[in-house]
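Protein chains: 4
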Amino acid sequence: MCESHEEDGRFEDVSIGFVGGGSRDWAGKMMTDLARQHTLEGEVRLYDVDQESAEQNARLGELIQDREEAIAEWDYRAVPSLADALSGADVVVLSTQDPPAETFAHDLDIPAEYGIYQSVGDTVGPGGTFRAMRAIPQYREIAAAIREHCPDAWVLNYTNPMTVCTRTLYEEFPDIKAVGLCHEVLHVKEDLAAYVEKHRDVADVDGDDLRVNVKGINHFTWIDDVRFRSEGVFDVIDAELDSQLPLPGGFEPGDLDGETFYVDNDQIALDLYRRFGLFPAAGDRHLAEFVPWYLNIDDPQDVQRWGIRLTPSDHRIEHWPTNERQRERHLEGTEEFEFTDTGEKMVELMTALLGGEELVTNVNLPNRGQLSGVREGAIVETNALVTGDDIVPHAAGDLPEQVRSMVRTHVSNQETLIEAGFAGDLDLAYRAFLNDPLVTLPPEDARSLFVDLVDAERPYLTDWNLEEATVLEA
Amino acid sequence: MCESHEEDGRFEDVSIGFVGGGSRDWAGKMMTDLARQHTLEGEVRLYDVDQESAEQNARLGELIQDREEAIAEWDYRAVPSLADALSGADVVVLSTQDPPAETFAHDLDIPAEYGIYQSVGDTVGPGGTFRAMRAIPQYREIAAAIREHCPDAWVLNYTNPMTVCTRTLYEEFPDIKAVGLCHEVLHVKEDLAAYVEKHRDVADVDGDDLRVNVKGINHFTWIDDVRFRSEGVFDVIDAELDSQLPLPGGFEPGDLDGETFYVDNDQIALDLYRRFGLFPAAGDRHLAEFVPWYLNIDDPQDVQRWGIRLTPSDHRIEHWPTNERQRERHLEGTEEFEFTDTGEKMVELMTALLGGEELVTNVNLPNRGQLSGVREGAIVETNALVTGDDIVPHAAGDLPEQVRSMVRTHVSNQETLIEAGFAGDLDLAYRAFLNDPLVTLPPEDARSLFVDLVDAERPYLTDWNLEEATVLEA
Amino acid sequence: MCESHEEDGRFEDVSIGFVGGGSRDWAGKMMTDLARQHTLEGEVRLYDVDQESAEQNARLGELIQDREEAIAEWDYRAVPSLADALSGADVVVLSTQDPPAETFAHDLDIPAEYGIYQSVGDTVGPGGTFRAMRAIPQYREIAAAIREHCPDAWVLNYTNPMTVCTRTLYEEFPDIKAVGLCHEVLHVKEDLAAYVEKHRDVADVDGDDLRVNVKGINHFTWIDDVRFRSEGVFDVIDAELDSQLPLPGGFEPGDLDGETFYVDNDQIALDLYRRFGLFPAAGDRHLAEFVPWYLNIDDPQDVQRWGIRLTPSDHRIEHWPTNERQRERHLEGTEEFEFTDTGEKMVELMTALLGGEELVTNVNLPNRGQLSGVREGAIVETNALVTGDDIVPHAAGDLPEQVRSMVRTHVSNQETLIEAGFAGDLDLAYRAFLNDPLVTLPPEDARSLFVDLVDAERPYLTDWNLEEATVLEA
Amino acid sequence: MCESHEEDGRFEDVSIGFVGGGSRDWAGKMMTDLARQHTLEGEVRLYDVDQESAEQNARLGELIQDREEAIAEWDYRAVPSLADALSGADVVVLSTQDPPAETFAHDLDIPAEYGIYQSVGDTVGPGGTFRAMRAIPQYREIAAAIREHCPDAWVLNYTNPMTVCTRTLYEEFPDIKAVGLCHEVLHVKEDLAAYVEKHRDVADVDGDDLRVNVKGINHFTWIDDVRFRSEGVFDVIDAELDSQLPLPGGFEPGDLDGETFYVDNDQIALDLYRRFGLFPAAGDRHLAEFVPWYLNIDDPQDVQRWGIRLTPSDHRIEHWPTNERQRERHLEGTEEFEFTDTGEKMVELMTALLGGEELVTNVNLPNRGQLSGVREGAIVETNALVTGDDIVPHAAGDLPEQVRSMVRTHVSNQETLIEAGFAGDLDLAYRAFLNDPLVTLPPEDARSLFVDLVDAERPYLTDWNLEEATVLEA
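Chains as they are written, first to last, in our numbering: chain A, 1082 to 1555; chain B, 1082 to 1555; chain C, 1082 to 1555; chain D, 1082 to 1555.
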């Protein structure tokens, strides 16, 4: 696939197209990852609808490369068009986001007016649904451009809603070599490593020391097997659960007010494990949104009892300006750029795809058997072997009936959104919205919420046929 | 199959075993149905755990036969054991109910304490789940007795939860000739007939004049085709919907206080039609319980906005004594017994099964293809040809994705309850409980509600392994 | 659907488009059927690529109408185009055939040169495969014309290969109201009626007195239930089998030389029943072609041991001229036209579809659940309720594993032929050809046979991409 | 799972139970493999129904260990019972065979009398079917003993018919950790490596240098992707095919008379590739038996045209005595034992399972999604990750329609044989026999062949209910 040259296990002239290259935080981390390794060198072309921001990142990239910690050589260039980013790319990285103040903030605030509180709001629930509705037309366009400019490139998608974005890429361009990537499972492996240390009395266990069998859909994957040095250690979860009962425990509303918004105490994961017998492999803030129970609260503070906080829209709105200001300080030299890596497997993954060392990790791909009991073609998350120009998913087996039922509800909604998005059929999207477990509102309120969200985000829904949508009728 | 003799289109010596023969209202109606027809004659053996009540019904049967309106000859006999009722039966009728004060009242009241209001409470939701949990052991016993005493008899089940009871019969005795019967679809056909009259300007349209394609699970079946005199008239539903918009319309909390508890104004059916494009074929009180939206109310009176009332537990508790007192008055002759038929197709159905006139009607049977997209073996409701010693379901086709998703959630729960009930596994039943759309409670409340219900109905859960149930642990 | 008027249970002004209206035998029978009944009257427009022959049939139709036995009034008109036949049609009848000397004769003779003998040659095997390959483009054209000229008409297809022709209609025009009709099951019911008479010692049992559960694909359907007056009488097949053992019995090569080519002694049906436990519902001459065993003979005469004859190509070639000469004599008045009906259910079926008396009969329709275990959309044959403007298939259940395996092989081939035919992909068609159970030839011979057939029938394969077919390469 | 100790990447005290430990050739090779590696040491307990032969092998093992080439230390011990071999085993190796003169010879000779020639006769066809029928009771017994004595051991099955033997193990003991292993795919990778060398002009390509995606059932697996250094090189097969056309080429009957019986010239593999577009991953002698074409010959010599020979029964009969005599010479010291390895991945596989270096290789396991389009639970062959105490199959995707159809026919037969074998139902086994593609005999001949085989192998069919088998009736 790749025009890059391998020399002594190193790949030179790797060409990366970065769509969403104006990214205010993720770009910096990716550039750090690229700088701090030995195997890949080449060029990154940054494209963003906000070209200014892409150019800032190009300058930041140069600054990073100038640091002495930088090992590999990378050139960064902001480009004015999608075509420029994609042409000749070996790898395409997708990490885009609409302006939070115009979108994400509404995704959170408007449902909250109706009593629907979302801990993240980017995957399922009303927020995730509208994020999907906005993303489908955008990702169709990206897929079409990839088909035109670099059909053989590997496409690494980091954008949420992961499942719907990746599914859109395949629906538009079935031969695309795209994969959806997410670090939630990696974080959970770190948690499990800590359980192993604690309950098996061993030291220095790392997430990478564990092998897990993971299966489900992104942010709602499940683990039914954990191995440490060939030994099954799934029972450490029972031990941890016993040590934490009763659940939820020890947190009262307000206790977490000073904490980061991303605080996570495994309360929900352990509670779901207790109820369903499999351990969910995503952070509690994501898990909470897939089922109607944890966010069924009258006061948003109540969610703190489960050891998590809601992320307020203010924080989302401030995210961009804050990061922009920091980037400026980095570029001005008034603040030193900190080398923090993404925690992602991106470099290992690119290396493997280019023909370097193989890797087994969790990925999001169209189902071709890896998740039994779920329809073929739906985007599912399981382990896979990443190897030279190929990703081969593991056959992870089936889910227990009751977990499968929950997963299937979301798969059904995601497939419905894809069908609706490609047809521009808002009424069909509304059906997926209604079937979302967080949408337990009385019918008129559900409709009103949906209409309010459409109205607030109308500029981002231009591809939808709003004129003929009966749900918008008085 | 049948030892009865056919003479000139009449079947004599038909032997019916009635399990639940002490029934306080349904028995009277069935006996009326049997009296007021020309094709079937024979004997009914009434068995009930409350033998006294069965004997009262036997006397009531004689009284009915003495009436001049009685056409066919039937003997009624209360028998002391299930074996006595079943031995030699051509047809077995199942219509049982646990004492409402000890069961049904709890099914309604305890969830209400947690804010879960149920309009009926006998099919899904917390009430339907516990009714299922009580019924499974009972219906296993009945199925085993049928296998022993009358394996070739046709078994007509009228007991709710229809799906779980019928599924239990087949799980215990796969060769049973059982069918679940329900009049909800018949009532909906009457409603549709009224729509045809109104919007096509024709007079005297009866439900039986329409042919509908019906598919789903009992109390949550859906119609996608309506024919009147060969003509497709599905569009009358659009016309009716237009005439009723906005939904819900015209009802305020309190408006229905004086009405029967069974009042139904098609508001929910039309609203579901509007959202999902198929017309649901059950009363609104049933439909409301399958989805989380209509009963998501703070004040129980609020449900009146949808043109229905909740049936309070008082009414359920009073149901038996009221009917018993009336039966006594009938037997004493202080009140005249009114000939009101069941509105069921029971006589036509028995006649067809015995070899008389064929019939197409809706039935509940294990899926063998009649409802595409739903697992084989699950009990589904579609039309079927009822003919001599056979019932052949129609292949009703598939459901639209989003309706199928809702139906499958319940099928998953029902299958889980069957598995749990046969294993006595309360923790597994709890998973079905949690996955019920009405159970959106915060986790600890959900668990607490489940435990409360177990405690309240413990005498009816003797077959369950309560000792090892972790859900009951502190 | 229909513009015809119903008066007193009679339908007037029924408009029938007959494609293949020059048919040399079937047309006469259909016209007889139409004349000899009370419920339908109207017009038949005869279209044929051989317009002369259609005109002869129009004259024959008038002659039939002039007979005193003619009850219903029908006008016959030959029309010059498909559009003329279809426009305004309530019902379309399809019964076409390519000139036997140029096609059917090759289908039989060329395989015979390779030692593949076919008893009929119109359904599967090399002959059926090439008939399918010729028919697919033709039936695409017909389906497209129906979509244009009479999309609401009911289309009754009588053309073989039944499955592929009907499947083509649906593939081209998914909303078509088409059904494939075949009398083989009806004939088998007559055989079964004779078994009932013989082994139950009852008189005057007619095929219509039996109810059978039939399932499979056309000419390879299977019966697993037979009812007579509500009673299961499947055991008469065992009795008949016992009376006929050993199989095959009593026939030596040459014994049937003087018999009709259509002779059938149930030897193969009973043998298949003995091996697989279900009774096949098609004539032995058809059944023999679906499995590799009965026609695995060195001398064509050997097949007579199974009580059947091969139909020689001479007979097929002579069929048209013979029938043409007879039609001329009928028209000249030198030979009296004999009123023989088709034995088909066509009139009853049209009547039911127009809104008259309902009918349950076997039909070929896309699978939507009626044959469990076989893919959705494949054309399968089961019973169905034929009613006003609708045909509702029965859910016939599953087949035993080993029968299902045989059926699936043919379904796979038929679906492959459809895919190949719509793509014009001859290499893909060749794969279906190779997978046919009759094609057990050594590989080079198989290829050579395929090429010979393509060469012989090249004028009828114009829609196929022969240039790029690697199978045709030296 | 394992009691063995790991020291510096070496595993000591590995306990292996070898069932079929009297094996006359495979044992020697396995012992060689064990001797010539550095990672595993321990004990092998040899069990065989022919205890004498097991003891000879134990002595041979000692002799091998005494050789200076022997690196790892292994103790060999013949044990008198299955229990002795299994108790405490970390790994169980299964490699059994019935005495060829009493079984295998009949499997080949009796069908040949009916004109059915088999190139191997151990997988499908009449021979493979009877081998399966003999093996099922034996492998049930082995599985039951494993459940009792070493339920956590890994079971490596090398016995044919691979699919049926492995399936039997799982049917009897669903929690067994068994895997079926076969070197055919490894050999095909060597062939492909040679193609790469030839058509890409590179030197020293080894089978292990290629990555293939393999899927199907043992001896009838298919490759749809070949990678060499990350590059897709599937096109070398086209190049090779072009260079070999026309097929078959260059071999006339008799040409191979002097060759080994195992000669293979890729003629059939390339021919199947040409027809179906996927490359079959087994030797031609195996492939020929799965389809009716290549062995449809009048003279057994004719098969040489495809570059293979039939293995005559003489050779099979002589195999044991020849090997026994050689083993005696080895033990007497009159002939030097040659160190030839198995070419199997056994040592690597055991090492990986014990927690050593991971391995991706082809394995036979119950389908849980790895082969889409084939029923769950059937034994399928795909790649898998072999790791510490676990084997995780790759999701290999689907097969093209026409290949899937051929594969499914065999899966259906294999599942039927399992059902038949567990029920002792000979008539059901006969249905599988009839549906085998090689059984194209006229019906009476098919029955006669089946009966002859039953009669010849009656001592090995003791678990079958022969008394009630109608196929054996006159």
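Glycine is no exception: its CB is placed at the ideal position from the N, C-alpha and C atoms.
Nonlocal neighbours in the same chain, by C-beta distance under 6 Å from residue i, ignoring five residues either side
i, result
"D:Leu1353", "Pro1361"
"D:Phe1315", "Val1307"
"D:Lys1426", "Thr1442"
"C:Ala1369", "Ser1200, Ile1349, Tyr1375 and Leu1376"
"D:Arg1366", "Ser1200, Val1201 and Ile1389"
Residue burial classification, residue i (beta-carbon count within 10 angstroms, cutoff 16)
i, result
"A:Tyr1343", "exposed"
"A:Ala1501", "buried"
"A:His1411", "buried"
"D:His1300", "buried"
Residues near residue i in its chain [Cβ-Cβ closer than 8 Å; skip 5 each side]
i, result
"B:Leu1547", "Leu1507, Val1535, Arg1539 and Leu1553"
"B:Arg1105", "Ser1134, His1400, Trp1401, Asn1404, Glu1405 and Arg1408"
"B:Ala1284", "Glu1278"
"C:Gly1505", "Asp1544, Trp1545 and Asn1546"
Three-state secondary structure (DSSP) of residue i
i, result
"A:Thr1521", "coil"
"A:Glu1416", "coil"
"C:Asp1544", "coil"
"A:Glu1554", "coil"
"C:Val1100", "strand"
Closest by C-alpha distance to residue i, when choosing among the options
i, options, result
"A:Gly1313", "D:Phe1531, D:Leu1435 and D:Gly1098", "D:Leu1435"
"D:Gln1325", "D:Tyr1195, D:Gln1132 and D:Lys1279", "D:Lys1279"
"C:Ile1298", "C:Phe1371, C:Arg1356 and C:Pro1255", "C:Phe1371"
"C:Val1455", "C:Ser1493, C:Asn1445 and C:Arg1126", "C:Ser1493"
"B:Glu1333", "B:Leu1322, B:Ile1460 and B:Gln1385", "B:Gln1385"
"D:Leu1262", "D:Asp1256, D:Ala1527, D:Thr1423 and D:Leu1452", "D:Thr1423"
"B:Ile1304", "B:Lys1270, B:Glu1549, B:Thr1497 and B:Asp1287", "B:Lys1270"
Whether residue i touches residue j by CB criterion (8 Å)
i, j, result
"D:Ser1162", "D:Tyr1128", "yes"
"B:Ile1217", "B:Thr1249", "yes"
"D:Thr1551", "D:Asn1516", "no"
"C:Val1160", "C:Arg1126", "yes"
Contacting residues, own chain, Cβ-Cβ under 7 Å from residue i (five flanking each side not counted)
i, result
"A:Glu1429", "Leu1440"
"A:Arg1292", "Arg1308"
"D:Tyr1511", "Phe1531 and Val1552"
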